[in-house]
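Be aware that the sequence shown starts at 3, since it is given in our numbering, and climbs by one per residue.
Every residue, glycine too, gets a C-beta built ideally from N, C-alpha and C.
A quick write-up on the structure given underneath.
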Amino acid sequence: IGPATLEKSCAFAELLTNQKQAPDWCVSHWWGEPVIELVRCIECQANTRKLQASSAWWIAAFSIRQASAQDEVSDPSRHRLMKAMSAAQFKMLLVLDGGRDENLGPAYALNRLWCCYELAMFLDQPKLCLDIAVYKLPKPFLITNGFTEIEEDMEMINNGAGYKAKLDREKEVSLELIERTLEIKIQSAQASGSTERNHILNYFAGRDLHLTPIEEPSQYQTLNKRLQGLFAALFWRRVVCSTAKDANTHAAQQRITDVLRGDTWRKSLDLCLSYCVVTAPEEKLALLARSLPAAGIKGLRLDLKGLDLLDENLPALGGSLPPGLEELNLDLSFNAQISNFGITNFVNALPAKMRELTLGLSQTAVTPDFQDHRNCLEGLRQQIIHEAQKGSICNVVNLCPSPDRRVFVKNVREKI
């Protein structure tokens, strides 16, 4: 590419066409991997997402004028990647390797400063859609932040089917790779030349680009935590929902919750435990509570469908929410034993600054008069006051046999 474009000082794409090429996705990758691996990872994304044949990917090596690439770091707003990402509506494909040898991998791209720079440019983009293609023999696999369209359709037809399909698709993700993404350190990343590295590190530190960079880690601590938090949110369900009981899984769960909690710069967060197979949900809810940043979060979406939650679980959940939280979207559908009583105690435990609440209550024991106010916090509070005026609560306890020959207690609360 370099020799072919040197004379005209142009991008390789400009040698092929003089027409604008509108990208659907932007690719961030380490330039040292074989081109065939990069192509296969793009094919993996296209096949997994069933993308149209006309879909286009912006790849820096072919799209930037390499002779002047070093100058672009001085002004990200003029960086060609920023323009390409805007055109692609902030959809990025990050290409990682599953581990080549003891010196390269896994996720060696995260040791490259340009890849970290590209990720850092979009931390504040609320519409960022990040896919990760991991090249691993015999074939690559794709990690997505949410469902593919096919999985979304499966979930609409059969509750839990979409989550199972996503879990099967991403089952090759190793704890080693996840742990590597949680250890990004900007000051340890490398670039092709010392000038590039100096420019990028000084840009991150807010210093003159031509100075000798400061190697002190504290200069880059905020960015390190934010990048680590980006991956912690992406891999959170994969780690937290694991049913393995070994020491490595336990350590990974503690690590990912700590990293996510430390990302106090994010304004919103989306976490999902739906249909997580557990014997008791308290353990997973404790990990969820441990994951929530104590400051910064204004909007939170929690998907807790099909967890067999009880009324008794909800007050602790409400009390664990960040004190500055203002908007909450909580899906409790398909938790058959949740009733008005649990919703009442949950609402009473919400942070004082909460002003918007949206609840999913399908297939629960919550009555229609409560469900009518599931999208209005003030209306729900008024309904709770109205309910309290009806009388006292009667607890009816039944010891019910179950198909596995164990006896469990079923509580039914009724007004008398």
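Taking the alpha-carbon of residue i as reference, which of the options has the nearest alpha-carbon?
i: Leu334; options: Pro219, Pro324, Leu211 and Leu359; result: Leu359
i: Ala109; options: Ala191, Ser56, Ala167 and Tyr205; result: Ala191
i: Leu273; options: Lys247, Ala15, Lys227 and Leu332; result: Leu332
i: Val41; options: Leu96, Glu16, Leu229 and Trp116; result: Leu96
i: Gly362; options: Leu184, Leu352 and Asp374; result: Asp374
i: Val310; options: Lys300, Ser322, Lys129 and Glu284; result: The sequence given here has Asp at residue 310, not Val. Ranking the options by Cα distance to Asp310, first place goes to Glu284.
i: Leu203; options: Gln256, Cys28, Ser322 and Leu115; result: Leu115
i: Ala291; options: Arg357, Gly321 and Trp32; result: Gly321
i: Arg171; options: Ala193, Ile145 and Glu185; result: Ile145
i: Lys227; options: Leu236, Asp210, Arg263 and Cys131; result: Arg263
i: Leu419; options: Phe64, Ser341, Glu151 and Ile44; result: This structure cannot settle anything about residue 419, because the visible part of the chain is limited to 3 through 418.
i: Ile66; options: Ala24, Leu112, Ala13 and Gly100; result: Ala13
i: Ala89; options: Arg268, Gln255, Phe336 and Ala24; result: Ala24
i: Ala15; options: Gln127, Gln68, Ala193 and Ile386; result: Gln68
i: His212; options: Asn200, Ala390, Ile258 and Ile387; result: Asn200
i: Leu304; options: Glu185, Lys173 and Leu319; result: Leu319
i: Pro36; options: Tyr137, Ala338 and Leu330; result: Tyr137
i: Met356; options: Leu302, Ala234 and Cys278; result: Leu302
i: Leu236; options: Leu323, Pro140, Lys269 and Leu132; result: Leu132
i: Leu289; options: Leu312, Leu177 and Ala254; result: Ala254
i: Leu225; options: Glu185, Gln256, Trp238 and Ala48; result: Glu185
i: Tyr165; options: Val175, Glu174 and Glu154; result: Glu154
If we count the other Cβ atoms within 10 Å of its Cβ and call it buried at 16 or more, is residue i buried or exposed?
i: Thr245; result: exposed
i: Gln160; result: Note on residue identity: the sequence assigns Asn, not Gln, to residue 160. Exposed.
i: Ser79; result: Only weak support exists for where Ser79 lies, its pLDDT of 46 falling under 50; the value from the coordinates is given anyway. Result: exposed.
i: Pro215; result: buried
i: Gln21; result: exposed
i: Ser11; result: exposed
i: Ser293; result: buried
i: Glu181; result: buried
i: Ser220; result: exposed
i: Ala122; result: buried
i: Thr7; result: buried
i: Leu179; result: buried
i: Asp248; result: exposed
i: Val368; result: buried
i: Ser276; result: buried
i: Thr50; result: buried
i: Asp210; result: exposed
i: Pro142; result: buried
i: Met156; result: buried
i: Gly148; result: exposed
i: Ser129; result: Note that residue 129 is Lys in the sequence shown, not Ser. Classification for Lys129: exposed.
i: Gly208; result: exposed
i: Glu217; result: exposed
i: Asp371; result: exposed
i: Thr259; result: buried
i: Leu112; result: buried
i: Glu314; result: exposed
i: Gln385; result: buried
Would you kindly report the start and end of the unbroken beta strand (DSSP E) that includes residue i?
i: Gly362; result: Glu358 to Gly362
i: Tyr137; result: Cys131 to Tyr137
i: Phe143; result: Phe143 to Thr146
i: Lys168; result: No beta strand (DSSP E) contains Lys168, which is instead part of the alpha helix (DSSP H) from Ala163 to Arg171.
i: Leu96; result: Lys93 to Asp99
Identify the continuous alpha helix (DSSP H) that holds residue i and give its terminal residues.
i: Leu273; result: Careful: Leu273 lies outside any alpha helix (DSSP H), inside the beta strand (DSSP E) at Ser270 to Cys274.
i: Val349; result: Asn342 to Asn350
i: Leu125; result: That residue, Leu125, is in no alpha helix (DSSP H); it is neither H nor E in DSSP.
i: Pro370; result: Pro370 to Gln373
i: Leu112; result: First-last for Leu112: undefined, no H or E at that position.
i: Ala7; result: The sequence shown places Thr at residue 7, not Ala. First-last of the alpha helix (DSSP H) with Thr7: Gly4 to Leu8.
i: Asp155; result: Glu151 to Ile159
i: Ala13; result: Unbroken run through Ala13: none, as it is neither H nor E.
i: Arg383; result: Leu379 to Ala390
Could you tell me how far apart the beta carbons of residue i and residue j are, in whole angstroms, since I believe they sit closer than 8 Å?
i: Lys286; j: Val242; result: 6 Å
i: Pro353; j: Leu327; result: 5 Å
i: Thr266; j: Pro295; result: 5 Å
i: Ala351; j: Pro325; result: About 12 Å; that fails the 8 Å criterion.
i: Ala86; j: Cys28; result: 5 Å
i: Leu98; j: Ile152; result: 23 Å between Cβ atoms; not a contact.
i: His46; j: Leu229; result: Per the sequence shown, residue 46 should be read as Cys rather than His. That pair is no contact at about 24 Å.
Starting from the N-terminal side, write out each stretch of the alpha helix (DSSP H) that is 4 residues or longer and does not extend beyond the region 283–330. Counting only runs of 4 or more, we get 284–293 and 316–321.
Could I get the ranges of all uninterrupted beta strand (DSSP E) runs contained in the region 15–87, with 3 residues as the minimum, in chain order? Listed in chain order, the complete beta strand (DSSP E) runs (minimum 3 residues) inside the region 15–87 are 27–30 and 59–61.
What are the uninterrupted segments assigned as alpha helix (DSSP H) that are 4 or more residues long and contained completely in the region 183–252, given in chain order? Counting only runs of 4+ residues, the alpha helix (DSSP H) found wholly inside the region 183–252 occupies 196–207 and 223–242, in chain order.
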